[in-house]
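Have a look at the structure below, then the notes.
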Amino acid sequence: MMPTRTAPARALTGAALAAIALFLGACATTPTTSHRTSFSYDPAVTPASNPNAVKLYLSTGAQRLYVVEGGKVLLATPVCVGKAASPTPHGNFTIYSKQATRRRVSSPGAGYPMSYWMEFKPAYGLHWGFVKATPATHGCVRMPLNAARKTFQLIKVGTPINIATSQPWDATIGKSLPRLDDSHLPDPPMSYLLSPQVFSDHAKGKMWNF
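Below, the structure written as structure tokens:
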């Protein structure tokens with residue numbers, strides 16, 4: 026779960042930096058080298074003919090997100106959803122808030138970038154984040170950087186999103202998507218993550234030296 030408002034970046038004490046490092050480390054899983062990282066994934070996208078007709082469909086079982094217009098998939102991407110103890114909520118929602126340069130407010134991890142935030146329920150949203158091969162979040166939906174950037178551009182405030190255990194495209198388009206896992210990637214320097222540079226890089230589809 027994530028807070029619903031942003032706060033300006035502040036100078037952090039050594040203790041605060043240590044808390045953030047602990048927060049990041051707690052998300053680690055067993056390294057897996059046979060899977061691609063999310064930073065190597067740049068999904069193809071079809072422009073929407075009618076932005077008002079675009080809808081989002083999230084499959085928590087397959088960890089797949091589909092951007093759809095009139096039954097046609099404009100973009101499909103692997104994602105990382107909530108773990109069993111903190112599942113991503115199911116149901117029909119609406120994207121009611123978008124923020125390209127959002128940062129985490131609550132601790133641990135205050136100040137951590139959550140680029141391309143798309144909120145569908147208070148404290149729940151889709152956003153850029155390190156993707157794991159298995160559910161690993163506190164309920165939000167982490168997306169590969171380029172997928173988050175392109176989805177953010179395709180949708181608008183008011184776009185509907187359906188979240189369910191499965192979606193019709195899981196066995197076709199979803200099955201053909203790569204398996205992504207950032208578990209073995211090192212954490213970028215905290216000085217970089219807390220700087221404006223991270224958002225400048227994200228706007229170009231890149232991050233640090235990945």
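Those letters in the sequence shown? Residues 26 to 235, per the working numbering, in order. A virtual CB, placed ideally from N, CA and C, is assigned to each residue, including glycine.
Query raised in the report: Given A53, which residues of its chain have a CB within under 8 Å of its CB, disregarding the five upstream and five downstream residues?
Result: Caution is warranted here: a pLDDT of 35 is assigned to A53, below 50, making its placement in the model unreliable, and the coordinate value is therefore given only provisionally. Closer than 8 Å at the Cβ level, and outside the excluded window around A53, lie S208.
Query - Simplified DSSP state of T102, which is helix, strand or coil - result: strand
Query - Any chain B beta carbon closer than 9 Å to V70 - result: The structure shown has no chain B; it contains just one protein chain.
Query raised in the report: Can you give the Cα-Cα distance for H227 and P193, rounded to whole angstroms?
Result: 31 Å
Query raised in the report: Going straight from the alpha carbon of K123 to that of H60, what length do you get?
Result: 30 Å
Query raised in the report: Since V223 is in the alpha helix (DSSP H), which residue starts that stretch and which ends it?
Result: Q222 to A228
Requested in this report: For the beta strand (DSSP E) containing A189, list its first residue and its last residue.
Outcome: P185 to A189
Query raised in the report: Looking only at its own chain, which residues have a Cβ that is under 6 Å from the Cβ of H2, when we skip the five neighbours before and after it?
Result: Residue 2 lies beyond the stretch modelled for the chain, which goes from 26 to 235, so this question has no answer here.
Requested in this report: Name the two residues that bound the continuous alpha helix (DSSP H) containing F4.
Outcome: The structure shown does not extend to residue 4, since the chain is modelled only from 26 through 235, so no value can be given for it.
Report task. Name the two residues that bound the continuous alpha helix (DSSP H) containing S216. Result -> M215 to L218
Query - Counterpart residues of G116 in DSSP-defined beta bridges - result: I188
Requested in this report: Determine the extent of the alpha helix (DSSP H) in which S201 is found, giving its start and end residues.
Outcome: I198 to S201
Query raised in the report: What's the call for N171, buried or exposed, on a 16-neighbour Cβ count within 10 Å?
Result: buried
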